[in-house]
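Asks:
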Amino acid sequence: MRTAIIGGGAAGFFLAINLKELAPEMEVTILERSQRPLSKVKVSGGGRCNCTNSFARVGDLSAVYPRGHRLLKRLLKQFSHEDAYDWFERHGVRLVIQDDDCVFPASQDSQTIIDCFLREAHRHQISIRTGVKVNSLDDVQDYDFVAVCTGGSPRAEGLQWLADAGHEIVQPVPSLFTLSIADRSFCDLMGLVVEGATVMIPSTKFRSEGALLITHWGVSGPAILKLSSYAARHISDHAYQVPLSINWTGQRESVVMEVLQTIRAQHPQKQVQSIRPYGLQQRLWEYLLTKTLAGRAQNRWEQLSQKDLNRLTNALTNDAYQTSGRAAFRDEFVTCGGVALSGVNPSTMESRHIPNLYFAGEVLDIDGITGGFNFQAAWTTAYAVAHAIAENRHPI
Numbered sequence: 053m054r055t056a057i058i059g060g061g062a063a064g065f066f067l068a069i070n071l072k073e074l075a076p077e078m079e080v081t082i083l084e085r086s087q088r089p090l091s092k093v094k095v096s097g098g099g100r101c102n103c104t105n106s107f108a109r110v111g112d113l114s115a116v117y118p119r120g121h122r123l124l125k126r127l128l129k130q131f132s133h134e135d136a137y138d139w140f141e142r143h144g145v146r147l148v149i150q151d152d153d154c155v156f157p158a159s160q161d162s163q164t165i166i167d168c169f170l171r172e173a174h175r176h177q178i179s180i181r182t183g184v185k186v187n188s189l190d191d192v193q194d195y196d197f198v199a200v201c202t203g204g205s206p207r208a209e210g211l212q213w214l215a216d217a218g219h220e221i222v223q224p225v226p227s228l229f230t231l232s233i234a235d236r237s238f239c240d241l242m243g244l245v246v247e248g249a250t251v252m253i254p255s256t257k258f259r260s261e262g263a264l265l266i267t268h269w270g271v272s273g274p275a276i277l278k279l280s281s282y283a284a285r286h287i288s289d290h291a292y293q294v295p296l297s298i299n300w301t302g303q304r305e306s307v308v309m310e311v312l313q314t315i316r317a318q319h320p321q322k323q324v325q326s327i328r329p330y331g332l333q334q335r336l337w338e339y340l341l342t343k344t345l346a347g348r349a350q351n352r353w354e355q356l357s358q359k360d361l362n363r364l365t366n367a368l369t370n371d372a373y374q375t376s377g378r379a380a381f382r383d384e385f386v387t388c389g390g391v392a393l394s395g396v397n398p399s400t401m402e403s404r405h406i407p408n409l410y411f412a413g414e415v416l417d418i419d420g421i422t423g424g425f426n427f428q429a430a431w432t433t434a435y436a437v438a439h440a441i442a443e444n445r446h447p448i
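Numbered according to this note's numbering, the sequence shown spans residues 53 to 448.
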């Protein structure tokens, strides 16, 4: 029996290795269009490879998988994050869990994951053919099973060959990205990180919380990356130019107003700029004061009117900007969209249109927020396919 795996990335290698472990007699070939398999693994997580997450603070999968959470809820029972952790440890990759629940190789080097995959592929005599582009299912008709693990495609044209085979393609658009803001005075705050900020797109349900980083082009950090994932299609539909509201405190307006009133009552003689609520960095506090009080930042707190406090509260909880574009998140590229989940069997990931054709990884309309969730989706779907092929070794 022969299996062709199209795509030599994370999902492709994981599928190939697990298939050989489950069905040692299976002849497995990885077909990779580039000359360098696992190149995305190499640059992921800033070169450290955030290979999964502890899921310790995940109460609802939809919070970390904006698309595909229902399918993954089913598949994670078959191969969970605990299973992934154990798998890597058993295969010689020691892992560590960070305080933010992200899981990395203890070596802090993605090459450790790559070396593991290549070593296991060699041990199981998995054939790896590079420089091979599959343009049609006719190119792999000599195989008994075919698994498509080509990853996310930046354009629908890259998935046309699957559409031609009868599969519905959900228009792919970028998912993890940072946002540009064409406000020079704001970007002059570059380098500042505000923990526990809340960001949202006004008049929508899209919002997220976390650390926010001000960059020389706009905003980044976990809060923005999560928002870009939740609102990927909405932001794309608006050409990456959307209103953005930042709550620097993460607190409700009424709570922030009460804090400011307390400061005014307790420190009436102090200069406004000398007392920073919520421990805001001095540069950010002075920037917000300039926006709201103009040249009165050196005034005493007792000189602030209720109207001034209202403006300050609004600046702290509803600081409004207009985005002017997007930027990629480091060297990573994640998409939402791909092969529609309605076209695959949710238990086996087999095509509903073509027997013995399977899908795993980001080629599917599944994507997660940053934090190791996309790799976990790759491991989980790849394992499900490996198990399904191993169970179905006698195609009709």
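Quick reminder that beta carbons are idealized off the backbone N, C-alpha and C, glycines included.
1. With distances taken Cα to Cα, identify the nearest neighbour of Ser-232 among Leu-277, Pro-329 and Leu-368.
2. Using 8 Å for Cβ pairs, my map puts Val-246 next to Trp-300. What's the rounded Cβ distance?
3. Looking at the structure shown, is Phe-258 part of a helix, part of a strand, or coil, going by DSSP?
4. Please go through the same chain and pick out, in chain order, the residues whose beta-carbon is closer than 7 Å to the beta-carbon of Gly-273, but skip the five residues on each side of it.
5. What is the DSSP secondary structure of Cys-101, counted as helix, strand or coil?
6. Around the Cβ of His-219, are there at least 16 other Cβ atoms within 10 angstroms (buried) or fewer (exposed)?
7. Tell me where the alpha helix (DSSP H) around Gly-389 begins and ends.
8. Using DSSP with H/G/I as helix, E/B as strand and the rest coil, what is Cys-201?
9. Are the segment 64-71 and the segment 427-440 touching by the rule of at least three beta carbon pairs closer than 8 Å?
10. Helix, strand or coil: which one does DSSP assign to Ile-266?
11. Check Arg-181 in the structure and name its three-state DSSP category.
12. Alpha carbon to alpha carbon, how far is Arg-207 from Asn-102? Give it in angstroms, no decimals.
13. So, are the CB atoms of Trp-353 and Val-324 less than 8 Å apart?
14. Which residue wins for smallest C-alpha separation from His-290, given the options Val-308, Leu-312, Ile-253 and Thr-314?
15. Taking the alpha carbon of Ala-438 as the point to measure from, which residue in Gly-420, Ser-399 and Gly-424 has its own alpha carbon closest?
16. Evaluate the contact criterion for the segment 81-95 versus the segment 178-189: three or more CB pairs, one atom per stretch, below 8 Å.
17. Could you tell me the alpha carbon to alpha carbon distance between Thr-256 and Gln-223, rounded to whole angstroms?
18. Starting from Tyr-339 and walking both ways along the beta strand (DSSP E), at which residues does that stretch end?
Replies: With the structure as the only source:
1. Cα-wise, what sits closest to Ser-232 is Leu-277.
2. 6 Å
3. coil
4. Val-245, Gly-262, Ala-263, Leu-264 and Leu-265
5. Coil, per DSSP.
6. buried
7. Premise fails: Gly-389 lies in the beta strand (DSSP E), 387-391, not in any alpha helix (DSSP H).
8. It is coil, neither helix nor strand.
9. Touching, yes.
10. strand
11. strand
12. So the two alpha carbons sit approximately 26 Å from each other.
13. yes
14. Ile-253
15. Ser-399
16. yes
17. 21 Å
18. No beta strand (DSSP E) holds Tyr-339; the alpha helix (DSSP H) holding it covers 334-345.
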